[in-house]
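*Asks:* Please find one structure pasted underneath; my questions will follow.
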Amino acid sequence: MGFYLKTTKWFRWIYPKHLVWEIPNDENAIYLTFDDGPTPEVTEKALDLLKMYDAKATFFCLGKQVKAHPEIYQRILNEGHAVGNHTINHIKRHYYNSKSFIKEIDSASKLIDSHLFRPPYGQIQMFQARLLKDRYKIIMWSVLSGDFDEKVSKEDCVETVMKHTKSGSVIVFHDSVKAGEKMLYCLSSILEAFTQEGYIFKKIEED
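Each residue of the sequence shown is one higher than the last, beginning at -17 in my numbering.
So, in structure tokens, the structure goes:
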């Protein structure tokens, strides 16, 4: 479980300074984020849970998924959540090729109307971040749930999120087929627990 913790200062230090890791506030607000969707059933069930708790979130969508499931993407917007660009295909090798990396983002931007961006796998070079600085608010995270990792149990996901979340935390979940069951279990658990503790759940604003 060691990797799925709150990101440390030394870890953030190696990245460009303008990236967003957490959002300090005086409202006891937590920022839930979902990567890799929209995915039939998975994203829809997540939206159902969020609605139950009057919670808002931010969905970092893949362009190919938006194209395949526009009705779910529209539901995300209709229910008051934010969306962000997570590239068109989520291909890891584009980390090494800035031209292809930017092309992936630009292709997705034709389908996803947002100035929020999260790089796939959290990988972005200094030069790439500078290229995007004037166009996007680049959102990283402070708590990684580990829902995508087959070696991490659903109970461990809940424990990680509960232990390391505070006001202003940006939490990463994945609304994908692979992570769906674990994510939904964790989401249900933490929505109930944090609501009882007096937290609220807000979307990330573009400005």
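All C-beta atoms, glycine included, are put in the ideal place defined by N, C-alpha and C. It should be emphasised that the depicted structure is a prediction, and the values quoted were computed from it without experimental measurement.
(1) To test your reading of the DSSP string, which unbroken beta strand (DSSP E) runs of 3 or more residues are found completely within the region 3 to 77?
(2) When DSSP builds the beta bridges, which residues end up paired with isoleucine 84?
(3) Alpha carbon to alpha carbon, how far is valine 24 from glutamate 4? Give it in angstroms, no decimals.
(4) Counting along the chain, where does the beta strand (DSSP E) carrying isoleucine 153 start and finish?
(5) What is the rounded straight-line gap between the Cα of glycine 104 and the Cα of glutamine 178?
(6) Would you decide whether asparagine 10 is buried or exposed? Buried here means 16 or more other CB atoms lie within 10 Å of its CB.
(7) Taking all protein chains shown into account, decide if glutamine 110 is buried (16 or more other Cβ within 10 angstroms of its Cβ) or exposed.
(8) Nearest-angstrom Cα distance between histidine 72 and arginine 100?
(9) Count the C-beta pairs between the region 160 to 170 and the region 13 to 32 that are closer than 8 Å, then say yes if the count reaches three, no if not.
(10) Can you name, in chain order, every residue of its own chain whose Cβ lies under 8 Å from the Cβ of valine 159, other than the five neighbours on each side?
(11) Nearest to valine 125 by CA position, among Leu113, Leu59, Arg112, Val152, is which residue?
(12) According to DSSP, simplified to helix, strand and coil, what is glycine -16?
(13) Determine the burial state of asparagine 67: buried for a count of at least 16 other Cβ atoms within 10 Å of its Cβ, exposed for fewer.
(14) Give the single residue among Lys185, Ile186, Leu173, Glu188 whose Cα lies nearest to the Cα of tyrosine 35.
*Replies:* Quick look at the numbers:
(1) Restricting attention to beta strand (DSSP E) runs no shorter than 3 residues, the region 3 to 77 encloses them at 11 to 17, 39 to 43, 64 to 67, ordered along the chain.
(2) In the sequence shown, counting from the first residue as 1, residue 84 sits at position 102. Answer is none; isoleucine 84 lacks a bridge partner.
(3) Translated into positions along the sequence shown, residue 4 becomes position 22. Translated into positions along the sequence shown, residue 24 becomes position 42. About 26 Å.
(4) For the purposes of this step, residue 153 is identified with residue 171 of the sequence shown, where counting begins at 1. First-last of the beta strand (DSSP E) with isoleucine 153: 152 to 156.
(5) Counting from one through the sequence shown, the residue named residue 104 turns up at place 122. Counting from one through the sequence shown, the residue named residue 178 turns up at place 196. Cα-Cα distance, rounded: 31 Å.
(6) If you number the sequence shown from 1, residue 10 lands on position 28. With fewer than 16 Cβ atoms within 10 Å of its Cβ, asparagine 10 is classed as exposed.
(7) If you number the sequence shown from 1, residue 110 lands on position 128. Result: buried.
(8) Taking the sequence shown and counting its residues from 1, the one referred to as residue 72 is at position 90. Taking the sequence shown and counting its residues from 1, the one referred to as residue 100 is at position 118. Looking at the two C-alpha atoms, the distance is approximately 11 Å.
(9) yes
(10) Working through the sequence shown from its first residue, we reach residue 159 at position 177. Answer for valine 159: Thr21, Val24, listed in chain order.
(11) Taking the sequence shown and counting its residues from 1, one reaches residue 125 at position 143. Out of Leu113, Leu59, Arg112, Val152, Val152 has the C-alpha closest to the C-alpha of valine 125.
(12) Stepping through the sequence shown from its first residue, residue -16 is reached at position 2. In this prediction, glycine -16 scores a pLDDT of 40, lower than 50, which makes its location untrustworthy; the coordinate-derived value is nonetheless stated afterwards. Three-state DSSP puts glycine -16 in coil, outside helix and strand.
(13) In the sequence shown, counting from the first residue as 1, residue 67 sits at position 85. Looking at its Cβ environment, which holds 16 or more other Cβ atoms inside 10 Å, asparagine 67 is buried.
(14) Here residue 35 refers to the residue found at position 53 of the sequence shown. Taking only the C-alpha atoms, the option nearest tyrosine 35 is Leu173.
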